[in-house]
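To keep things clear, I will list the structure first and then write my remarks on it.
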């Protein structure tokens, strides 16, 4: 039988007595601010050269010879089309989602479309959905070839950094009534392309731009303080169904997954390791998104601090290189520098960020989500800029005036040619906000979209 026929996606359910390090990063256990409904006000800017220096990146590319050797060893590279054609996990439309799942949807504005995950993925506590991007980022027409595609990055919720693998759901979004997906395992090539290992990242942010995919890693990840970059044309197929990741005696294994995606490079902060506890040190990448309204197109990033704190979070951007598709633009010295202003926001608990201007190259608005950490607590989606007080949907019947957004939302992505904002919710914890096993899980985990115009029209 063909490999595609014998392979299933291996799903491991782990019973955890307490939050893991990744869960603590992504699901703040502490209380919200004294008054989370307080308006964070305008954005402020940081202008000193020392602040820009903290954001400088150095590019590291995997030699093409290593990537070619790995492809030669494993067999012909696969494309996105082939991954979608083998999609083996159905998603459920809103009508088929449970009331518990739908409770995580925003109160205001209402979701235009929403989907729940396949059985197992809907309540696993071994994996947490963190990020989203799509063919709406990748290409102007919103398609990759003939396909509409959504990618969702999930991080492993293990007890040590050695457990923190990442995986990516490739979602066939061609038929709105029949979303389905296949898992792909991102990996790091080793030893000149003769082996690979799993990427160790909770994959909190992800941007698909042209033929490249950029993902984040965080301070607590084994592969920390990096942006990793992948080539959508370099997807390879495993040949052995086992728990190993890499070359094994009789072929290539990927922890039971059918496809792997080897990194083609990474970006690291030139100043050294990031510090997630300080807003004055080198920032840790929490979430990223694509801004197609900037000139040139740019990658927008933010850092994360707990919704129980009061530290201002930085928001900044890097330009894409017009001559080297999918890569970030470098200066004459070969470094990637933050472009334009460095912003600071008093909104807390930021798990996602979008930048968008209503006119091409105009002054952007920033949309940031305060993902509060309490059980059954809706978040707050703020819109901020440099001139106006912040706006959020109000009087939606939540526990506080502005808590109208989805529960425990993570990264956000803007599908340019449809005007839709897409995001994912994370939680499948228990009633006490503990990850105590799937028998106690309260699944509140969805993928949903809202027109950005609806967000703007509900702001108060």
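Residue numbers (the working numbering): -16 to 443. Using N, Cα and C, we set each Cβ at its ideal position, and we do this for glycine too.
(message) Report the start-end ranges of each alpha helix (DSSP H) in the region 16 to 67 that is 4 residues or longer and not cut off at the edges.
(response) 32 to 36, 47 to 57
(request) Would you decide whether residue 326 is buried or exposed? Buried here means 16 or more other CB atoms lie within 10 Å of its CB. (result) buried
(message) Quick check: the Cα distance between residue 114 and residue 200, rounded to an integer number of angstroms?
(response) 12 Å
(message) Give me, in chain order, the residues of the same chain whose beta-carbon lies closer than 6 Å to that of residue 172; leave out the 5 immediate sequence neighbours on both sides.
(response) 45, 49, 53, 179, 245
(message) At the 9 Å Cβ level, is residue 201 part of the contact set with chain B, yes or no?
(response) In the structure shown, chain B does not exist; there is a single protein chain.
(message) Using a Cβ-Cβ cutoff of less than 7 Å, which residues in the same chain neighbour residue 388 once the five nearest sequence positions on both sides are dropped?
(response) 89, 352, 361, 362, 363, 364
(message) Tell me the rounded alpha-carbon separation between residue 426 and residue 314.
(response) 46 Å
(request) Taking 9 Å as the cut-off, decide whether the C-beta atoms of residue 156 and residue 130 are in contact. (result) yes
(message) Is it buried or exposed, residue 9, if we count other Cβ atoms within 10 angstroms and call 16 or more buried?
(response) Any reading at residue 9 must be qualified, since the residue scores a pLDDT of 36, below 50, and its modelled position is unreliable; the value itself is stated next. Residue 9 should be labelled buried.
(request) Please report how far the alpha carbon of residue 95 lies from the alpha carbon of residue 407, in whole angstroms. (result) 14 Å
(request) Tell me where the alpha helix (DSSP H) around residue 328 begins and ends. (result) No alpha helix (DSSP H) contains residue 328, which is instead part of the beta strand (DSSP E) from 325 to 328.
(request) Report buried or exposed for residue 30, applying the criterion of at least 16 other Cβ atoms within 10 angstroms of its Cβ. (result) exposed
(message) At the level of alpha carbons, what is the spacing between residue 440 and residue 160?
(response) 27 Å
(request) On a CA-only basis, which of 301, 375, 399 is nearest residue 384? Give me that one, please. (result) 375
(request) Could you tell me the boundaries of the beta strand (DSSP E) in which residue 155 lies? (result) 149 to 155
(request) Could you tell me the distance, in whole angstroms, from the CA atom of residue 17 to the CA atom of residue 271? (result) Here residue 17 scores only 34 on pLDDT, less than 50, and its place in the model is too uncertain to base an answer on.
(message) For residue 154 and residue 165, I'd like the C-alpha separation in whole angstroms.
(response) 7 Å
(message) Only counting the same chain, and skipping five residues up and downstream in sequence, which positions put a Cβ closer than 8 Å to that of residue 395?
(response) 115, 270, 272, 335, 336, 337, 350, 352, 404, 405, 406
(message) Within a Cβ cutoff of 6 Å, which residues of the same chain sit near residue 209, ignoring the five residues on either side of it in sequence?
(response) 200, 249, 251
(request) Take the Cβ of residue 378 as the centre, count every other Cβ of all protein chains shown within 10 Å, and call the residue buried at 16 or more, exposed below. (result) exposed
(request) Can you grab the Cα-Cα spacing for the pair residue 184 / residue 345, in whole Å? (result) 34 Å
(request) Determine the extent of the beta strand (DSSP E) in which residue 136 is found, giving its start and end residues. (result) 132 to 139
(request) Count the other CB atoms, across all protein chains shown, that sit within 10 Å of the CB of residue 332; report buried if there are 16 or more and exposed otherwise. (result) buried
(request) Using three-state DSSP, classify residue 435 as helix, strand or coil. (result) helix
(message) Counting C-beta neighbours from all protein chains within 10 Å, is the total for residue 318 16 or more, i.e. buried, or is it exposed?
(response) exposed
(message) Only counting the same chain, and skipping five residues up and downstream in sequence, which positions put a Cβ closer than 7 Å to that of residue 24?
(response) 329, 372, 373
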